[in-house]
Amino acid sequence: MAFFDMSRSTFISMAAVLVLGAGFTAPLSAAEPSSSAPFSQWLEGVRKEASAAGISGNFLDVALAGVQPIKRVIELDRRQPEFTLTFWKYLDNAINPARIRRGREMMAKHQKQLQVTARRYGVQPRFIAAFWGLESNYGTHTGVFPVLGAVATLAHDKRRSRFFRAQLLAALTIMNRGDVNIRVKGSWAGAMGNFQFIPTTYKGFAVDADGDGKRDMWNSYPDMFASAANYLSRSGWRSGWTWGREVQLPKGFKLEHSGLKIRKSLSQWQALGVRAIGGGRLPNGDAEASVILPAGYSGPAFLIYKNYRTILTWNRSILYAIAVGHLADRLVGAGPLKTKRPANEVALSRVDVKDMQRLLAALGYDAGGSDGVIGPMTRTAIKAFQHKSLLPADGYPTMGLLERLRGTK
Ligand code: CA
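Taking numbering that gives the first Met the number 0, the leading residue of the sequence shown gets 0, the next gets one more, and so forth.
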């Protein structure tokens, strides 16, 4: 389904957050190799490829012996949520009092190991804990599907065969190395362990920090913390920096200054009237930041730094990245967001979104097809329509906007 297409979208299914896991940044590709061969025959081809890549034949005999396609995995892959999640609903799902409380407990319990990891990789404990909370609820939800069966099913299926064939080969590689048991379980899309690493991320970034020869993302806290921190560090995490902050914008703030593409120094934002929430000055300096409005111009504004962009390499959803940052803040005592949530926020259904896209296209704004998913192209089309209509051009889809497009408002 369209999880991939929802990247950087304001509306995104929670499943994309909780299921796909770290490193799930498969590019969209039009042409996937066809895999019309029956499963067992197709699996024989995988075996040959894995063998040619240096994985032992004996190991492959054992590992692939029981691998069967899993019907439920395909159903989950095709699932289409009826309603989109609004910014606030998304945040409520991701961050609740129980998750904050448990996160604080886990930070206290694992304080020493988190600090060792932070010193080594330059990723602060609160961020490691926040990813942990969002990915697996601190290790309580690491998935119930056999990883080999799940990724083999998706690799044999034609929708994302190339991406998942690479996942399957990476899974076999880490299993052959002894990091992971062949019968290990993960998400329906093959994300594994406490930080839900997909096989290629596991292969590339997991760390054996306790020195037992295995990279264990289930049972070894040193390994799992170091692996998450290593992945972030190698994705550009800036040590000593936070992710961003909620800010207040001056009256008359030009919406064209918002968005990830517009980068200015902190002093430039200060000069434009952007202030810390409550009115205080921004930190001094020439560090680069962007103003983003994930819930539109009437919602909260965030000034985001380099580390926010690094979170986006872990998961491309702008809401996921806000959730990680905000949960990290909450774990060390910060309060809820200061911007008031609207009294009645209406979630758009897929049918509404399709209608919006169709109407935009009819007016000459290319919304990237009418698939019912708010992606970057739809947001850009909305922004252009709003600009032309002298509306605040925040690119944010609302029921009011849809009514206006329908000519009923
Ligand atoms: Ca280990």
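Note that CB positions come from ideal geometry on N, CA and C, so glycine has one too.
Euclidean distance between Cα positions of residue i and residue j
i, j, result
"Arg181", "Leu171", "Arg is not the amino acid found at residue 181; the sequence shown has Ile there. Cα to Cα, the separation comes out at about 8 Å."
"Ile99", "Asn57", "46 Å"
"Trp87", "Gly53", "48 Å"
"Gly185", "Gly44", "24 Å"
"Gly399", "Asp178", "52 Å"
"Val66", "Ala151", "8 Å"
"Val352", "Glu134", "28 Å"
"Gly251", "Leu271", "10 Å"
"Leu330", "Arg78", "33 Å"
"Ala51", "Ala333", "53 Å"
"Val206", "Arg214", "6 Å"
"Tyr307", "Ala36", "43 Å"
"Thr116", "Met106", "12 Å"
"Thr141", "Ala392", "40 Å"
"Ser316", "Pro80", "16 Å"
"Pro396", "Phe204", "37 Å"
"Asp4", "Ala294", "Below a pLDDT of 50, predicted positions are generally treated as unreliable, and Asp4, at 31, falls in that range; the measurement from the model is reported next regardless. Their Cα atoms are separated by approximately 19 Å."
"Gly279", "Thr309", "27 Å"
"Ile197", "Trp187", "11 Å"
"Arg262", "Gln247", "17 Å"
Sub-8 Å separation of residue i and residue j beta-carbons
i, j, result
"Met174", "Ala64", "no"
"Gly148", "Ile69", "yes"
"Ala327", "Trp242", "yes"
"Leu401", "Asp354", "yes"
"His325", "Ile94", "yes"
"Tyr230", "Thr200", "yes"
"Phe130", "Ala227", "yes"
"Tyr296", "Leu254", "yes"
Host alpha helix (DSSP H) of residue i (start-end)
i, result
"Leu168", "160 to 175"
"Gly132", "124 to 135"
"Val72", "70 to 77"
"Val246", "From DSSP, Val246 is part of no alpha helix (DSSP H) but of the beta strand (DSSP E) over 243 to 247."
"Ile310", "305 to 313"
"Gln195", "Careful: Gln195 lies outside any alpha helix (DSSP H) and carries neither H nor E."
"Asn270", "At residue 270 the sequence reads Ala, which differs from the Asn that was named. Element bounds for Ala270: 265 to 270."
"Thr152", "146 to 155"
"Met223", "220 to 233"
"Trp41", "38 to 51"
"Tyr296", "Careful: Tyr296 lies outside any alpha helix (DSSP H) and carries neither H nor E."
"Ala205", "Per DSSP, Ala205 belongs to no alpha helix (DSSP H) and is neither H nor E."
"Gly399", "398 to 405"
"Val350", "349 to 361"
"Val376", "According to the sequence shown, residue 376 is Met rather than Val. Taken as a continuous stretch (DSSP letters only), the alpha helix (DSSP H) holding Met376 covers 375 to 387."
"His325", "317 to 330"
"Phe252", "Premise fails: Phe252 is in no alpha helix (DSSP H) and is neither H nor E."
"Asp91", "86 to 93"
"Val61", "56 to 64"
Cβ-based neighbour list, residue i, same chain, cut-off 7 Å, excluding 5 preceding and 5 following
i, result
"Ala208", "Pro221, Asp222, Ala225"
"Phe38", "Pro68, His155"
"Ala49", "Leu59, Leu168, Leu171"
"Arg103", "Leu330"
"Glu344", "Thr85, Trp87"
"Ile127", "Leu113, Thr116, Phe224, Ala227, Ala228"
Boundaries of the beta strand (DSSP E) in which residue i is found, first to last residue
i, result
"Ser289", "287 to 291"
"Ile99", "Ile99 -> not in any beta strand (DSSP E); alpha helix (DSSP H) instead, spanning 96 to 108."
Cutoff 8 Å; reference residue i; Cβ partners in own chain excluding five residues on either side
i, result
"Gln356", "Ala366, Gly367, Gly368, Ser369, Asp370, Gly371, Thr377, Ala380"
"Gln110", "Pro124"
"Arg244", "Ala275, Ile276, Phe301, Leu302"
"Gly284", "Ser264, Leu265, Ser266"
"Arg46", "Leu59, Leu63"
"Ser55", "Asn175"
"Gln385", "Pro391, Ala392, Asp393, Gly394, Leu400"
"Leu42", "Leu63, Val66, Ala151, His155"
Nearest-angstrom beta carbon gap, residue j and residue i [assumed within contact, 8 Å]
i, j, result
"Val273", "Leu281", "6 Å"
"Asp76", "Arg158", "7 Å"
"Val122", "Ser234", "Between Ser234 and Val122 the Cβ distance is about 10 Å, and since that is not below 8 Å, they are no contact."
"Tyr304", "Ala286", "6 Å"
"Gly394", "Thr338", "With a Cβ gap of about 18 Å, Gly394 and Thr338 do not count as contacting."
"Val183", "Val146", "5 Å"
"Met216", "Gly192", "3 Å"
Beta-carbon proximity list for residue i, same chain, < 6 Å, skipping 5 on both sides
i, result
"Arg164", "Ala154"
"Ala383", "Tyr364"
"Leu358", "Leu404"
"Phe82", "Ala346, Ser348"
"Pro341", "none"
"Leu311", "Ala320"
"Leu292", "Ser257, Ala300, Asp393"
Residue-chain proximity (residue i, chain B), Cβ-Cβ < 8 Å
i, result
"Val115", "The chain labelled as chain B is not found in the depicted structure, where only one protein chain is given."
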